[in-house]
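Asks:
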Amino acid sequence: MTRLEPQINYTSIEIFQSQSYDCPMDVNLRQMRSFIAVARLGNFTRAAEFLHVSQPTLTVHIKQLEETLGLKLFDRNPRAVNLTRMGRDLLPTFERTLQDLDSMLQNTKNVSTARHGVIRISVLPSLAASVLPDAIRRFRQENPGASFAIRDCVAGSLLDLIRSDDVDLGLTGGKVDFPDIDVLLRASDVMNVVYPEGHPIGRLTRITAERLAQFPIVMMEARTSVRAVTDHAFGKAKLMPKPVAEVTYMMTALGLVRAGIGITILPASAREVAAIPSLRSKRISDPNFSRLITLIKKKDRTLPPLSKAFADHLLRTKITFSDMEHGKGKTAEDSIEQDARV
Numbered sequence: 047m048t049r050l051e052p053q054i055n056y057t058s059i060e061i062f063q064s065q066s067y068d069c070p071m072d073v074n075l076r077q078m079r080s081f082i083a084v085a086r087l088g089n090f091t092r093a094a095e096f097l098h099v100s101q102p103t104l105t106v107h108i109k110q111l112e113e114t115l116g117l118k119l120f121d122r123n124p125r126a127v128n129l130t131r132m133g134r135d136l137l138p139t140f141e142r143t144l145q146d147l148d149s150m151l152q153n154t155k156n157v158s159t160a161r162h163g164v165i166r167i168s169v170l171p172s173l174a175a176s177v178l179p180d181a182i183r184r185f186r187q188e189n190p191g192a193s194f195a196i197r198d199c200v201a202g203s204l205l206d207l208i209r210s211d212d213v214d215l216g217l218t219g220g221k222v223d224f225p226d227i228d229v230l231l232r233a234s235d236v237m238n239v240v241y242p243e244g245h246p247i248g249r250l251t252r253i254t255a256e257r258l259a260q261f262p263i264v265m266m267e268a269r270t271s272v273r274a275v276t277d278h279a280f281g282k283a284k285l286m287p288k289p290v291a292e293v294t295y296m297m298t299a300l301g302l303v304r305a306g307i308g309i310t311i312l313p314a315s316a317r318e319v320a321a322i323p324s325l326r327s328k329r330i331s332d333p334n335f336s337r338l339i340t341l342i343k344k345k346d347r348t349l350p351p352l353s354k355a356f357a358d359h360l361l362r363t364k365i366t367f368s369d370m371e372h373g374k375g376k377t378a379e380d381s382i383e384q385d386a387r388v
């Protein structure tokens with residue numbers, strides 16, 4: 047048999063008697079490594095040196111493996127050690143098993159050290175199209191092995207995804223105060239009124255709830271965080287707006303505004319407005335028209351290492367919302383309230 051130089055990269059971990067599963071065969075990984083080394087090197091002495099064990103120990107491993115399998119794996123003579131036919135048939139299977147184990151251990155190590163993995167996050171559509179892409183780009187510059195499973199949905203559905211463990215993190219709007227939810231970060235997102243070019247509201251220097259209530263408004267549906275903000279703000283002002291339509295998606299609202307159906311109220315972070323050149327927007331002066339942005343997770347759930355690293359990244363990063371009226375960013379640095387429960 048031709049002798050091969052040791053080229054196989056076996057795991058250096060000390061393992062481990064395999065667990066018993068009421069199976070008459072109890073083959074452990076030391077025995078498998080010993081068998082492969084002798085088969086590839088064709089010599090017990092060289093195999094023992096390669097595995098850093100004594101030759102008697104190696105001989106015991108091979109003997110135990112043969113007894114467990116009820117097979118003779120090697121034909122031995124003073125000059126060589128040769129695989130039997132059954133040994134040759136078994137060798138590829140054992141090699142694949144160890145290779146799969148090495149791969150599994152390396153993948154587990156990569157996940158545990160937050161180098162590779164999938165970050166599962168649910169996000170409001172407005173944030174998924176605005177702050178999230180830039181945050182992901184910066185994070186992947188430092189963690190190129192990270193990938194993302196993003197579920198963009200309205201606030202009500204987002205909480206359901208967190209509670210059902212379908213996602214690890216959620217980036218949502220509005221106050222979150224539930225006993226089963228942990229808040230990791232808080233920031234604020236101001237509201238803008240969006241209107242078609244030439245609309246009378248564009249001539250006003252200050253936009254108040256009273257001014258907004260004078261015009262037909264395209265409202266977001268009740269399950270959205272934007273609707274919760276507008277209902278609260280109008281309620282504080284003791285005003286009843288004039289809803290002309292109610293929609294789920296911001297682009298639908300913008301399409302109705304473009305057609306002259308009414309004005310709408312959207313967060314400053316909503317980049318969809320820029321997709322329709324004929325629309326204009328202004329910040330609403332009333333401080334009640336402001337949306338709280340929260341990063342959340344399920345209470346008492348340990349985040350996967352990479353998801354925790356991304357949450358930490360969001361805590362360290364200045365979250366920027368676009369001020370569409372003036373064309374410059376508004377940094378939420380001063381309004382971020384960090385919660386150490388990551």
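Using the working numbering, you'd call the opening residue of the sequence shown number 47 and step up by one each time. The beta-carbon is built from N, C-alpha and C at its ideal position, and this holds for glycine as well.
#1: Which residues bound the beta strand (DSSP E) around S193?
#2: Please classify Y67: does DSSP put it in a helix, a strand, or coil?
#3: Under a Cβ-count criterion, where at least 16 other Cβ atoms within 10 Å of its own Cβ denotes burial, should A83 be classed as buried or exposed?
#4: Are A85 and L137 closer than 7 Å when you measure CB to CB?
#5: To the nearest angstrom, how far is it from the Cα of P102 to the Cα of N74?
#6: In terms of residues, what are the limits of the beta strand (DSSP E) holding F120?
#7: Going straight from the alpha carbon of D146 to that of P350, what length do you get?
#8: Which partner residues does L129 have in the DSSP bridge list?
#9: In whole angstroms, what separates the C-alpha of P124 from that of L151?
#10: State yes or no: is the C-beta of V240 within less than 7 Å of the C-beta of V293?
#11: Kindly give me the distance between the Cβ atoms of T340 and R197, rounded to whole angstroms, as I take these residues to be in contact under 8 Å.
#12: Can you tell me whether M237 is buried or exposed, with buried defined as 16 or more other CB within 10 angstroms of its CB?
#13: Could you check which residue in R134, T130, R131 and D72 has the C-alpha nearest to that of H107?
#14: Could you check the C-alpha separation between S9 and L217 for me, to the nearest Å?
#15: In chain order, which beta strand (DSSP E) runs of at least 3 residues are fully inside the stretch 89 to 120?
#16: Just mark G133 as buried or exposed, buried being the case when its beta carbon has 16 or more other beta carbons within 10 Å.
#17: Which partner residues of P262 appear in the DSSP bridge assignment?
#18: Check this for me: beta carbons of L338 and G220, under 7 Å apart or not?
#19: Please give me, in chain order, every unbroken run of the alpha helix (DSSP H) with length at least 4 that falls completely inside the stretch 281 to 341.
#20: Would T130 pass as a contact of L119 if the rule is Cβ separation under 7 Å?
#21: Cα separation between D180 and L173?
#22: In the DSSP output, which residue or residues are listed as bridge partners for K344?
#23: Hey, could you find the ends of the alpha helix (DSSP H) G202 is sitting in?
#24: Output needed for L325: all residues of its chain with C-beta closer than 8 Å, excluding positions within five of it in sequence on either side, in chain order.
#25: Answer yes or no: do I167 and K345 have a C-beta to C-beta separation smaller than 7 Å?
#26: Going by DSSP, what residue range makes up the beta strand (DSSP E) through V177?
Replies: On the basis of the coordinates in this document:
#1: G191 to D198
#2: The predicted model places Y67 with a pLDDT of 40, which falls under 50 and marks its position as unreliable; any figure quoted below should be read in that light. Residue state, collapsed to three classes: coil.
#3: buried
#4: yes
#5: 18 Å
#6: F120 to N123
#7: 23 Å
#8: F120
#9: 39 Å
#10: no
#11: Actually they do not touch by this definition, with Cβ atoms about 16 Å apart.
#12: buried
#13: D72
#14: Nothing can be reported for residue 9, as the shown portion of the chain is limited to 47 through 388.
#15: none
#16: buried
#17: K288
#18: yes
#19: 296 to 304
#20: yes
#21: 11 Å
#22: I227
#23: A201 to R209
#24: V240, Y241, P242, E243, L300, V303, R304 and V319
#25: no
#26: Note, V177: premise wrong, no beta strand (DSSP E); alpha helix (DSSP H) at V177 to E188.
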